[in-house]
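K.L.:
Have a look at this one.
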Amino acid sequence: MRIGFAVIVVVVGALTAAATPLFALSCMPPDIATNYRVLDDAKDTYVIVRGRVSVEAQPYELGRDTESGSVFEYKSHVGRFTGHIANRRGFTVPFTQDVEFKQACHLWPDINICENLGTRSAEQDTEEMIYFLRKTDVGYDFVTGDCPGGVHPATRANERQVNRCMRGADCKPAWE
70 MRIGFAVIVV
80 VVGALTAAAT
90 PLFALSCMPP
100 DIATNYRVLD
110 DAKDTYVIVR
120 GRVSVEAQPY
130 ELGRDTESGS
140 VFEYKSHVGR
150 FTGHIANRRG
160 FTVPFTQDVE
170 FKQACHLWPD
180 INICENLGTR
190 SAEQDTEEMI
200 YFLRKTDVGY
210 DFVTGDCPGG
220 VHPATRANER
230 QVNRCMRGAD
240 CKPAWE
């Protein structure tokens, strides 16, 4: 009897350990080249900016929606972006705009991930970041979900990758 119980514990533990990395991989943020390629093919217009966001107001809830049996909560912040916009010569043009940061958050049963999520999309930046902002009829916005994407640390490597992509040079993700 004890051996059967031990086998069940080991099997359940192994399945849990195996599933955790798969869940983590499904939520891995894309690298900057992948973001560039996906958004370059999008029907919307995007700009790439490097700088910092400052948020003065608290988030407000935009509402909830049900898609395919899943419930999503939508929140929004307005932040002030200060930095530079990218062009073929780099991040050379000053850019200061109010940006609406929207978060679509999947509501899981018994887990309120939306409350615990720090909303990367509208935190105060302590360092410069690179954002892919969508141009709208009234300005710019940045939309994120449960998994991060569209924002990257402003490292030299990321800046060089943006420059390569914008010049039409090598714009391949690191894993290709």
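Take the sequence shown: its position 142, counting from 1, is numbered 211 in my numbering, and each next residue is one higher.
Glycine is no exception: its CB is placed at the ideal position from the N, C-alpha and C atoms.
1) Report the three-state DSSP secondary structure of A223 (helix, strand or coil).
2) Exposed or buried, what is E228 when buried is set at 16 or more other beta-carbons lying within 10 Å of its beta-carbon?
3) Quick check on the burial criterion: 16 or more other C-beta atoms within 10 angstroms. Buried or exposed for E125?
4) Go ahead and label A223 buried or exposed: buried means 16 or more other beta carbons lie within 10 angstroms of its beta carbon, across all protein chains shown.
5) Give a yes or no on whether the C-beta atoms belonging to N232 and G159 are separated by under 8 Å.
6) So, at 6 Å on beta carbons, what are the nonlocal neighbours of V116 in its own chain, with the 5 sequence-adjacent residues on each side left out?
7) Please report the straight-line C-alpha distance between G218 and T114, rounded to a whole angstrom.
8) Can you tell me whether G187 is buried or exposed? The criterion is at least 16 other CB atoms within 10 Å of its CB, across all chains shown.
9) Which residues in the same chain as N156 place their Cβ atom closer than 8 Å to its Cβ, once the five residues preceding and following it in sequence are excluded?
10) In chain order, what residues of the same chain lie with their CB nearer than 6 Å to the CB of I199, ignoring the 5 residues before and after it?
11) Who are the Cβ neighbours of Q230 in its own chain at under 7 Å, not counting the five residues just before and after it?
12) Can the beta-carbon of G208 be found closer than 8 Å to that of D239?
P.N.:
Answer, in terms of the structure:
1) coil
2) Classification of E228: buried, given that the 10 Å Cβ count is 16 or more.
3) exposed
4) buried
5) yes
6) I154, L202
7) 17 Å
8) Its pLDDT being 41, under 50, G187 is placed unreliably in this model, and the value from its coordinates should be taken loosely. With fewer than 16 Cβ atoms within 10 Å of its Cβ, G187 is classed as exposed.
9) V162, M235
10) Leaving aside the five residues that flank I199 on each side, the residues in its chain whose CB is nearer than 6 Å to its CB run, in chain order, R119, H221, A223, N227.
11) I101, A102
12) no
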